[in-house]
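Structure first, then comments.
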Amino acid sequence: MSSKKEVVRFGPMASALANGVRKGDAIYLSGQVSVDGEGQVVGAGDMAAQVRQAYANVAEVLEKFGATMDDIVDETWFVTDNQAVLGDMKGVFGARREAFGKEPDACQTLIQVSALFMPELMIEVKCIAHV
Amino acid sequence: MSSKKEVVRFGPMASALANGVRKGDAIYLSGQVSVDGEGQVVGAGDMAAQVRQAYANVAEVLEKFGATMDDIVDETWFVTDNQAVLGDMKGVFGARREAFGKEPDACQTLIQVSALFMPELMIEVKCIAHV
Amino acid sequence: MSSKKEVVRFGPMASALANGVRKGDAIYLSGQVSVDGEGQVVGAGDMAAQVRQAYANVAEVLEKFGATMDDIVDETWFVTDNQAVLGDMKGVFGARREAFGKEPDACQTLIQVSALFMPELMIEVKCIAHV
Numbered sequence: 058m059s060s061k062k063e064v065v066r067f068g069p070m071a072s073a074l075a076n077g078v079r080k081g082d083a084i085y086l087s088g089q090v091s092v093d094g095e096g097q098v099v100g101a102g103d104m105a106a107q108v109r110q111a112y113a114n115v116a117e118v119l120e121k122f123g124a125t126m127d128d129i130v131d132e133t134w135f136v137t138d139n140q141a142v143l144g145d146m147k148g149v150f151g152a153r154r155e156a157f158g159k160e161p162d163a164c165q166t167l168i169q170v171s172a173l174f175m176p177e178l179m180i181e182v183k184c185i186a187h188v
Numbered sequence: 058m059s060s061k062k063e064v065v066r067f068g069p070m071a072s073a074l075a076n077g078v079r080k081g082d083a084i085y086l087s088g089q090v091s092v093d094g095e096g097q098v099v100g101a102g103d104m105a106a107q108v109r110q111a112y113a114n115v116a117e118v119l120e121k122f123g124a125t126m127d128d129i130v131d132e133t134w135f136v137t138d139n140q141a142v143l144g145d146m147k148g149v150f151g152a153r154r155e156a157f158g159k160e161p162d163a164c165q166t167l168i169q170v171s172a173l174f175m176p177e178l179m180i181e182v183k184c185i186a187h188v
Numbered sequence: 058m059s060s061k062k063e064v065v066r067f068g069p070m071a072s073a074l075a076n077g078v079r080k081g082d083a084i085y086l087s088g089q090v091s092v093d094g095e096g097q098v099v100g101a102g103d104m105a106a107q108v109r110q111a112y113a114n115v116a117e118v119l120e121k122f123g124a125t126m127d128d129i130v131d132e133t134w135f136v137t138d139n140q141a142v143l144g145d146m147k148g149v150f151g152a153r154r155e156a157f158g159k160e161p162d163a164c165q166t167l168i169q170v171s172a173l174f175m176p177e178l179m180i181e182v183k184c185i186a187h188v
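Chains as they are written, first to last, in the working numbering: chain A, 58 to 188; chain B, 58 to 188; chain C, 58 to 188.
Rendered as structure tokens:
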């Protein structure tokens, strides 16, 4: 197989970073965080809100490939504080379920890291989709 | 290709998280940790023991897809203390070799993170397999 | 499909760790760091220099599969200090652009971790390529 790489770039970091890359059936996404279209953090201090916005950004990238949340097979959640997840399981996993429109058919790995690239960010979601 | 997503779910977190997802030849696994079938931590304080149990859980997920440890192509070890690995290379990598039944034909990335989702956990192993 | 796994092993850790594994079109690489062929750290204290050396190691592994930097679709940067990246964007992303020979068509996720496996290391780059 020698399908061409398909690259999606938009937003404030477009010159340096691709938002997503598709090769064959696989779509890789850059880690998505809770920022709006201008790069401003949304939902500071509120993990469920950040989960909601991060997935809105994931969905936007997927859409540019003609893909949907249901195509996600794997995700890694890099969070700055596990307790913000474990202390609000209902809110946080509710926001996740809502983003997928159902109980997600996706793997998940949850890791607490020491920092994300902007101090207000509480979560970065790294997704792989297969169409 | 438009193979269907195949999803494996079992254990205490089955409603929210898939243990593994297969699409085409690729099998993604959620990060596996040293817990038994009831979600109780096994091998507290003993990295080699936790490696052993985490891989037992990896093998269990793979088996449900009809796959084996030998199908693993890539793994990331998220550990809470590199020294628990580097200070017992023989024990830890011995446990890994034993889990694979031979010197593993798999990539590895070793990262020290600030916490895993249960305090007694020393390692979370994130695997990708291709059949 | 049932292509065989192709495994590349060389260097000081060759017995325990594969440097790269190819299955079908996908090539997974172990996390690459700023060490030379003897395993000595290069560029201590200099993030741009470590980025350069880490990618030299990435390119070396890819080459053994007949692949190039342009085949990279996804990368995760695990760094010990985000500020070493954000405080020298021009130098660091310049070193990255130079390694790819152009603005990289690759996703990126940037994560600050608490430690890498040698104290002088500032970055570990985990790449996935598709040929």
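Heads up, the beta-carbon is just placed ideally off N, CA and C, and yes, glycines get one too.
Keep in mind it's a predicted model, so treat the numbers as computed, not measured.
Cutoff 9 Å: residue i Cβ touching any chain C Cβ
i: residue 173(A); result: yes
i: residue 87(A); result: yes
i: residue 176(B); result: no
i: residue 166(B); result: yes
i: residue 142(A); result: no
i: residue 122(B); result: no
i: residue 98(A); result: no
Sheet register partners of residue i (DSSP bridge)
i: residue 135(A); result: 168(A) and 181(A)
i: residue 121(B); result: Paired residues: none, contrary to the question.
i: residue 186(B); result: 84(B) and 129(B)
i: residue 163(C); result: Paired residues: none, contrary to the question.
i: residue 77(A); result: 65(A) and 86(A)
Supposed close pair residue i, residue j - CB separation, criterion 8 Å
i: residue 152(B); j: residue 131(B); result: Not really, about 19 Å apart at Cβ, beyond 8 Å.
i: residue 179(C); j: residue 97(C); result: That pair is no contact at about 15 Å.
Within-9 Å CB hit, residue i to chain B
i: residue 64(C); result: yes
i: residue 109(A); result: no
i: residue 185(C); result: yes
i: residue 67(A); result: no
i: residue 153(A); result: yes
i: residue 58(C); result: The predicted model places residue 58(C) with a pLDDT of 49, which falls under 50 and marks its position as unreliable, so this point remains unresolved.
i: residue 82(A); result: yes
i: residue 132(C); result: no
i: residue 78(C); result: yes
The alpha helix (DSSP H) enclosing residue i, as first and last residue numbers
i: residue 148(C); result: 146-157
Per-residue DSSP class, three states only, for residue i
i: residue 63(B); result: strand
i: residue 86(C); result: strand
i: residue 113(B); result: helix
i: residue 108(A); result: helix
i: residue 141(C); result: helix
i: residue 58(B); result: With a pLDDT of only 49 at residue 58(B), under the threshold of 50, the placement of this residue in the model should not be trusted, and no figure is reported.
Segment limits, beta strand (DSSP E) that includes residue i
i: residue 99(C); result: It is not in any beta strand (DSSP E) - residue 99(C) carries neither H nor E in the DSSP assignment.
Distance cut-off 8 Å: residue i Cβ against heavy atoms of the ligand MN
i: residue 87(A); result: Absence of the ligand MN is noted for the structure shown, with no ligands found whatsoever.
C-beta neighbour in chain A for residue i, strict 9 Å
i: residue 73(B); result: yes
i: residue 135(B); result: yes
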